[in-house]
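Structure first, commentary second.
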Amino acid sequence: MSPSTISSTRPPEPSSDLLSWVLLGGTAYAVYVILHTAYRIRMGAIDDFGLVIHEFDPWFNYRATEYLYYNGIKDFFQWFDYMSWYPLGRPVGTTIYPGMQFTAVAIKRYLLDSVMSLNDICCYIPVWFGVMASGSTPLLLGFWSPAIGCSIFAMAMMAIVPAHLMRSMGGGYDNESIAVFAMVLTFYCWVRSLRSTSGSAHAQTYVAWSVATGLAYFYMVAAWGGYVFVLNLIGVHAAFLVLAGRFSTQTYVAYTLFYSIGTALAVQIPVVGWAPLKSLEQLGPGAVFLGYQLLYVCEVLRKRQNLTRAQAWKLRVQMCAIAGALVMFAAFFLAPKGYFGPLSSRVRGLFVAHTKTGNPLVDSVAEHQAASSRAYFQYLHHVCSLAPVGYILVFFNLSDASSFLIVWATAAYFFSHKMVRLILLTAPIGSILGGITAGPTKEKKKKIPKTVGKSDKYTSESFSSFEGLAAIQETARLALNTTEGILVRRSVALVLLLIGYFLGGSFNNYSWRLSQDLSNPTIIMRARLRDGQLVMIDDYREAYWWLKDNTPEDSRIMAWWDYGYQIAGIANRTSIADGNTWNHEHIALLGKALTTGVEEGYEIARHWADYVLLWTGGGGDDLAKSPHLARIANSVYRDHCPDDPTCRAFGFVDREGTPSAMMKRSFLFNLHGHQIKPEANAPADKFQEVFRSKYGKVRIFKILGVSQESKEWVADPSNRICDAPGSWFCRGQYPPGLSRVLEGKKDFSQLEDFNRGDRDEEYTRRYFEDLKDPDSARRKAMAKEIERNKEQVDAEVQEKKHVSVDDIYNTWENTDDTTRMWNLINSNAVEELKAWLEAEPHKAYVRSEDGRGPMWWAFEKRNEDVTKLLMKAGVPYTDRDGSGKTPLDLQQGG
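In full-length UniProt numbering, the protein residues as written are 1 to 894.
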């Protein structure tokens, strides 16, 4: 029975009260089950591996949390860490988003001081905040009718959707683990500030929620660099409300308080500073803020002067023109002075037509690549099918608050499509829209006012301001309430109920299975030996513990930047670089040291480090990553891969992992394969292997002949550069021993940095050309490498016999060498041939009297192994024999 038909004097029916209590109890139980599930599904890593910090970044976060806990706020923000980014150091206090550290320390000091250790709290924080985010997400459906059913479904999806799980598993102490909750809280406060309330406290209510939005946004800024998304999304929604004719006193107050309070607090965070007022990616919401002030002033003048509609529009145009001119003048004056910061390379990658940014350091990171449809299904599963339906349904229930969901969903899909890491942003909105689709619907007839009076046009909100869509909704409602419509609705409801039952079970099972994969801490892993025995591989921590226990405290560890956080956090030793990646040139120097020849790499390393740590366990080990290292090195040291911007000459030449000649010569390859691969050798006078982990995942080499002069020079405080006398901000410098190699660098600048001057257009053009056609780039690089190998062989031959390779290649005669060569190829004696060519590389160029040689015979026999061996030796395959045929002709049956 409809409440409207019940008399005010008629007592409520007992059955109605009982039903309400049953529904309340059922709802409470459902919430408990969902939140308990959200907790248990995130505990997999802790249950299986214990209270262990995961992966790479979380180790830095934990180390920073310890520093804050033991040293206090002042020292934390003035912390210049000389154990990272050696010898430059890093001002941690001004380059960290400190929200998570302050959260953990607050929990430790005020809630769980004697109950849990700081390590344990940090391991649990992703779980706790994952549950909080799951519980707060459905609050954004407070405007929906009926809210309870849809909210329950939204909460259930958010609790287990993999897109949320991937950043909220126990032990994954990373910024995103608290940022999702902060983002949802900010969005809820923003939506709540736009909702109409009744009574005399209406103004006080939306003012309070507007202030709360600014405070929640401040926490979001402190938590994660993704605050830029939150800021711009609210700014876009505020602009959308103006375009939709929804500007009112309430929207004006809501956005003005949010932006002014939020920005005033955000600039207090050192890592943010004045970026909200200078960075191109944050100026848009500022422009909306100025626009709101202009609109409000115009409306005040319109009312005071009782202007007509035409006069009001003329006033707005004049005000906007004046403001626009002032902004243009300010921009014209400030831009040449370098006031405006460029778009970051990661943000730029969201808008460029291709998936690459021009920065090889960013382009090399897998999570910065574009998302595929497979990725959406992997991380959203059935939610990605339900959300589009909910997206459409929101259009039939539009208001200031609900329209935010449309803007959020559109932006989240756009950005996540550009960068797979940002699929995280789709988890809350996907769950909300999925909840709208899966939840019960109950249409209520709403009275649509015919007109909004002029005096109220900018001071009131009503659902019906979206009159066109409201009319469509009313038409649909009337159609669905006919006899035929009711039958259709019930039939569809039954079908959807059955489908929902099976899809829900499938989604739940899938999420639990995937949670097991997401529970892998990376730093520890399970594996099965060849005999079937299940073992726990803890090689990485063992290596770091070995460093901590067996090396001097001032030891410097050279390793790829991925491992820097763990080296400092677990081994408590100085690292060369880490995941902060703030200095492209420094990482490029590290990449050069690892991927250049052994001799040059050693000369760099001895001035820079005491030990070299390598991941050598296959799959994602250092050798697999090394092509990216070479590419990054080449972006600064252009002679590293001459005329080869993407450094295709460095890598593997086939799927079997055969190294190119450049890789084979490299520092990394020779240490990585030392005493494992016959062609790899770490010179005994330069390196000493001091540690190899149980399962061969990590190797550590001691660098012999370390330059103590360089080490002492860096350690001398007088050689640091301070921003002011007596300041804590004093960065280190490279020792003079590295000056020769540093002279060859060309500082890297982002494409979008209009303050950089010389844009190096030719390098950039060729970089993108090679990325667009990698096969062509690889062929050109290999051809040049073959030519260099030929020149090297030629030099060796001339040194020994005073004869050139060209002389050998152009001499056609039957000899013992040609006979031996033919027999080896004909019998597929690859290893014997390989050994022969290593001893006498010029023999690869012999030819018989018919003009044919090893390459012709290998193609004729279709012997791929011999062909690759000869190509690596530099033997061409396009020359012709005495009959005018190339090796390719013989392969084709010539």
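Positions of the beta carbon are idealized from the N, C-alpha and C atoms, including for glycine. Because the structure is a prediction, the values reported are computed rather than measured.
Distance check for residue j and residue i, CA to CA, integer angstroms please.
i	j	result
residue 674	residue 851	40 Å
residue 904	residue 710	Limits of the chain in this structure are 1 at one end and 894 at the other, which puts residue 904 out of reach.
residue 123	residue 130	12 Å
residue 245	residue 391	21 Å
residue 819	residue 644	39 Å
residue 693	residue 616	10 Å
residue 209	residue 255	11 Å
residue 410	residue 161	19 Å
residue 53	residue 844	54 Å
residue 667	residue 686	11 Å
residue 258	residue 231	10 Å
residue 125	residue 373	31 Å
residue 660	residue 882	31 Å
residue 239	residue 702	60 Å
residue 421	residue 764	26 Å
residue 307	residue 180	46 Å
residue 436	residue 172	30 Å
residue 233	residue 321	26 Å
residue 383	residue 185	21 Å
residue 560	residue 834	32 Å
residue 740	residue 747	15 Å
residue 548	residue 541	10 Å
residue 453	residue 309	Caution is warranted here: a pLDDT of 37 is assigned to residue 453, below 50, making its placement in the model unreliable, and the coordinate value is therefore given only provisionally. One C-alpha to the other measures close to 13 Å.
residue 18	residue 142	24 Å
Helix, strand or coil, according to DSSP, for residue i in the structure here?
i	result
residue 97	coil
residue 688	strand
residue 444	Only weak support is given to the placement of residue 444: the predicted model assigns it a pLDDT of 46, under 50, and the value that follows is read from those uncertain coordinates. It is coil, neither helix nor strand.
residue 279	strand
residue 419	coil
residue 574	strand
residue 883	coil
residue 652	strand
residue 862	coil
residue 647	coil
residue 676	coil
residue 827	coil
residue 731	strand
residue 519	coil
DSSP puts residue i in a beta bridge; with which residues?
i	result
residue 403	Answer is none; residue 403 lacks a bridge partner.
residue 615	698
residue 812	847
residue 80	91
residue 557	575 and 611
residue 703	687
Please work out which residues of its chain come closer than 8 Å, Cβ to Cβ, to residue i, disregarding the five sequence neighbours upstream and downstream, and give them in chain order.
i	result
residue 745	585, 588, 589, 636 and 637
residue 553	572 and 573
Tell me which residues share the same chain as residue i and place their Cβ nearer than 7 Å to its Cβ, disregarding the 5 neighbours each side in the sequence.
i	result
residue 544	566, 567, 570 and 571
residue 729	80, 91, 722 and 723
residue 89	80, 81, 82, 731 and 732
residue 270	77, 93 and 94
residue 664	679
What residue range does the alpha helix (DSSP H) around residue i cover?
i	result
residue 714	708-715
residue 535	No alpha helix (DSSP H) holds residue 535; the beta strand (DSSP E) holding it covers 534-537.
residue 374	373-380
residue 129	118-136
residue 842	Per DSSP, residue 842 belongs to no alpha helix (DSSP H) and is neither H nor E.
residue 600	598-605
residue 47	44-49
Excluding the 5 residues preceding and the 5 following residue i in the sequence, name in chain order all residues of the same chain whose CB lies nearer than 6 Å to its CB.
i	result
residue 156	34
residue 607	707, 710, 735, 737 and 738
residue 515	41, 44 and 165
residue 695	537 and 539
residue 412	425, 426 and 429
residue 212	189
Which first and last residues belong to the beta strand (DSSP E) in which residue i is found?
i	result
residue 526	525-528
residue 567	Premise fails: residue 567 is in no beta strand (DSSP E) and is neither H nor E.
Would a check of beta-carbon distances place residue i closer than 8 Å to chain C?
i	result
residue 262	Reference to chain C is not applicable here, since this structure consists of a single protein chain.
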